[in-house]
Amino acid sequence: MARPRVCVIRAPGTNCDVETAHAFRLCGAQAERTHLFALLREPRRLHDFQILCIPGGFSYGDDIGAGVIFGTQLRVHLADALAEFLQRDTLVLGICNGFQVLVKSGLLPDGPGGLSKGGGGPSRRRVTLTWNDNGRYTCRWVSLRVDNPRNAFLRNLETLELPVAHAEGRIAVSRSDLLPRWRANGQIALSYTWHTALLGTTLPAGPNHMAASAGGRPAAASGGTAAAEVSVLPYPHNPNGSVGNIAGLSDPSGRILGLMPHPERYLFAHQHPRWTRGDAREPGDGMALFRNAVDYYA
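Here the numbering used here is used: the sequence shown runs in plain steps of one and ends on residue 299.
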């Protein structure tokens, strides 16, 4: 099997690059942690890699918004190099802050076309990741449904359980008609769903949230598909209030994935909070995303 080379880009404030590179290595890849400044000096270094990953953390301290400075660096200084990179049969993964970077750069949800200096700018952006509905940092485990198993990272997967840890993870869109279009194009990759460990508790529903029944499961919704597109699960099942319960986005080609949950934090059963009760899987659910990326080049 070929051993793809992975570029794990780190910037000031990135703090998940070591474990993310480790996850790729566990699955057989050659992973290299590369500072953003090195790529800014020599963009052609991207030609040495098949997979590009932007890991989690708080790049540039989230000082003017999560992922804004990092994303602007990509859009303004590396757009041409990234466009050339994506002309090959390459993959891109953005985890948590990396997802924020991909959206703020314009690379998601529409792929390299959004990387132009105007296309990813704030005035042209149709989607953003902003503050959680609860207005604070949230760290907990969530259940996920795979909506696009054609995405290279999500092949043969149906559900996942992973941790989230973010303050600005709520997906907001400029127009409500974007969600049906994204769903038809396979650009909605992952959705938050009812977290089985919490079912059995009654949770209040906010004004824009789907009500929970007495058993903790969703109450019957009216309005058919249109209502289902806008109904938001209650906290903590949807931990941030993302529109459409979206947890991850794909580009139309299925070679780019951005997600708020952290797959690199659930590689082994003992990383799960209920592993002593026998409720955790070995390997952890997160391992499958990295293995799928490596197997893409088998």
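Where is the CB? At the ideal position from N, CA and C, for every residue including glycine.
Taking DSSP as the reference, what is the three-state secondary structure of residue i?
i    : result
R34  : strand
G58  : strand
A289 : helix
T277 : helix
T73  : helix
T15  : strand
E283 : coil
D90  : coil
N152 : coil
D64  : coil
E20  : helix
F25  : helix
G115 : helix
N241 : coil
A3   : coil
P178 : The question names Pro, but residue 178 is Asp in the sequence shown. Three-state result, D178: coil.
Q188 : coil
G225 : For G225, the predicted structure reports a pLDDT of 35, less than 50, and the residue's modelled location is therefore unreliable. The matter cannot be settled from this model.
R266 : helix
L79  : coil
R125 : coil
L108 : coil
A299 : coil
Exposed or buried, what is residue i when buried is set at 16 or more other beta-carbons lying within 10 Å of its beta-carbon?
i    : result
P274 : exposed
T15  : buried
F291 : buried
T35  : buried
Y138 : exposed
R89  : exposed
S175 : exposed
H48  : exposed
E159 : exposed
R76  : buried
A24  : buried
I65  : exposed
D81  : exposed
A294 : buried
R171 : buried
M211 : Residue placement at M211 is flagged as unreliable, the pLDDT there being 43, under the threshold of 50; the coordinate-derived value follows with that caveat. It counts as buried.
From the DSSP secondary-structure annotation, give me the bridge partner or partners of residue i.
i    : result
T160 : R146
C1   : The question about residue 1 has no answer, for the chain in this structure spans 2 to 299.
H167 : T139
S251 : L258
I96  : L260
Y193 : L145
L47  : According to DSSP, L47 bridges with nothing at all.
L130 : I172
My assumption, with CB atoms under 8 Å, is that residue i sits in contact with residue j. Please give the rounded CB distance.
i    : j    : result
L250 : Q188 : 6 Å
V7   : C54  : 6 Å
A30  : V9   : Going by Cβ atoms, the distance from A30 to V9 rounds to 10 Å, so no, they are not a contact pair.
R266 : G287 : 7 Å
F100 : L130 : 7 Å
V147 : P262 : Going by Cβ atoms, the distance from V147 to P262 rounds to 12 Å, so no, they are not a contact pair.
Y193 : L234 : 6 Å
A84  : P113 : 5 Å
Q74  : L116 : With a Cβ gap of about 12 Å, Q74 and L116 do not count as contacting.
Determine the closest residue to residue i out of the options, with distance taken between C-alpha atoms.
i    : options                   : result
L94  : P264, V244 and T73        : P264
A270 : I257, P284, P237 and P110 : P284
C97  : L179, A281, L163 and P5   : L163
Y298 : I257, R184, I52 and W132  : I52
H78  : L92, E43 and F100         : E43
D178 : G245, L145 and A190       : G245
A39  : L180, A12, A67 and A32    : A12
S60  : L41, V102, A82 and R76    : V102
R151 : V104, L258, L234 and G57  : L258
N149 : P235, W183, G72 and Y267  : W183
A185 : I172, F50 and G255        : G255
D134 : E169, T197 and Q74        : E169
V69  : D81, A80 and G107         : G107
L27  : L268, V128, A3 and N157   : L268
G1   : F86, R126 and F50         : Limits of the chain in this structure are 2 at one end and 299 at the other, which puts residue 1 out of reach.
Taking 7 Å as the cut-off, is the beta-carbon of residue i closer than that to any non-hydrogen atom of the ligand MG?
i    : result
R171 : In the structure shown, the ligand MG is absent, as is every other ligand, since no ligand is present at all.
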